[in-house]
Amino acid sequence: MTWVRPTSAGSGGTITSGSGTATGYTLHSFTNTGNSTLTLNPVAVTLSGSVSGSGGPTVDATAGTIRFTGNSSYTGATSITGGVTQTNHLNALGNNSAVTISNLATTRLEALSSVAIGSLAGGGTSGGNVVVSTGADLS
């Protein structure tokens, strides 16, 4: 997966270069074609559309939150390396994706509704926790 700087701001906000902050953006779809990283630091963003392709994302939201709410169909592994990753769709993390979570105190996966994954690994004594909301299943 590769993040390509868009030529338009999508839904809200404006595009600027630099290391400042941005608000009011919505990413509706994202297509990956191999190993790559989508890094959004520190941010609170919702990916409301589909993530597709043959690769899988490395999700790094250090000091922030990335919420996946769309029906994703990517087939690669998902690596959660920082921050909070929230899911709110059964296929939010792709098609039977193997999910790995880093062993960091600030890294966690939160299933806000039922989510289907292929496998779950990682985490440990320092962090990399999984939180499943009441009434939700992690399968």
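The working numbering numbers the first residue of the sequence shown as 1 and each following residue consecutively.
Built from N, CA and C at the ideal position, the CB exists for glycine as well.
These numbers were taken from a predicted model, which means no experiment stands behind them.
Tell me Ala111's beta-bridge partners as DSSP assigns them.
Mapped onto the sequence shown, residue 111 falls at position 111. Answer is Thr87, Val132, bridged to Ala111.
According to DSSP, is Ser79 helix, strand or coil?
Locating residue 79 in the sequence shown gives position 79, counting from the first residue. Strand, per DSSP.
Residues bridged to Thr65 by DSSP?
For the purposes of this step, residue 65 is identified with residue 65 of the sequence shown, where counting begins at 1. The partner list for Thr65 (beta bridge, DSSP) reads Ala44, Val84.
Asn88, buried or exposed, once every other Cβ within 10 Å from all chains shown has been counted against 16
Taking the first residue of the sequence shown as position 1, residue 88 is located at position 88. Buried is the call here.
Span of the beta strand (DSSP E), counted from its first residue to its last, around Gly122:
For the purposes of this step, residue 122 is taken as residue 122 along the sequence shown, with counting starting at 1. Start and end: 119 to 122.
Contact check, Thr62 vs Asn96, beta carbons under 9 Å
As a working mapping, residue 62 is identified with position 62 in the sequence shown. As a working mapping, residue 96 is identified with position 96 in the sequence shown. Result no, Cβ atoms of Thr62 and Asn96 do not sit closer than 9 Å.
Decide if Asn103 is buried, meaning its Cβ has at least 16 other Cβ atoms within 10 Å, or exposed.
Start at 1 with the first residue of the sequence shown, and residue 103 comes out as number 103. Exposed: under 16 other Cβ atoms inside 10 Å.
Cβ neighbours of Gly124 in the same chain (closer than 7 Å, five flanking residues each side left out):
For the purposes of this step, residue 124 is taken as the residue at position 124 of the sequence shown. The residues are Asn103.
Would you mind stating whether Ser119 and Leu90 have Cβ atoms separated by less than 9 Å?
Counting from 1 along the sequence shown, the entry for residue 119 is found at position 119. Counting from 1 along the sequence shown, the entry for residue 90 is found at position 90. No; because the gap between Cβ atoms is not below 9 Å, this pair is not in contact.
Does the separation of the CB atoms of Thr65 and Val51 fall below 9 Å?
Here residue 65 refers to the residue found at position 65 of the sequence shown. Here residue 51 refers to the residue found at position 51 of the sequence shown. No; because the gap between Cβ atoms is not below 9 Å, this pair is not in contact.
Between which two residues does the beta strand (DSSP E) holding Ala92 run?
Position 92 of the sequence shown, counted from the first residue, corresponds to residue 92. Note, Ala92: premise wrong, no beta strand (DSSP E); not H, not E.
Val58 (DSSP reduced to helix, strand or coil):
Your numbering for residue 58 matches position 58 in the sequence shown. In the sequence as displayed, the identity of residue 58 is Thr instead of Val. In the structure shown, Thr58 sits in a strand (DSSP, three-state: E or B).
Would you please state the rounded distance, in angstroms, between the beta carbons of Val59 and Ser72? I believe it to be under 8 Å.
On the sequence shown, residue 59 is found 59 positions in, with the first residue counted as 1. On the sequence shown, residue 72 is found 72 positions in, with the first residue counted as 1. Actually they are not in contact, since the Cβ atoms of Val59 and Ser72 sit about 12 Å apart, beyond 8 Å.
Using only alpha-carbon positions, find the residue among Ala121, Ser139, Gly127 that is nearest to Ala111.
Position 111 of the sequence shown holds residue 111. When only C-alpha atoms are compared, the closest one is Ser139.
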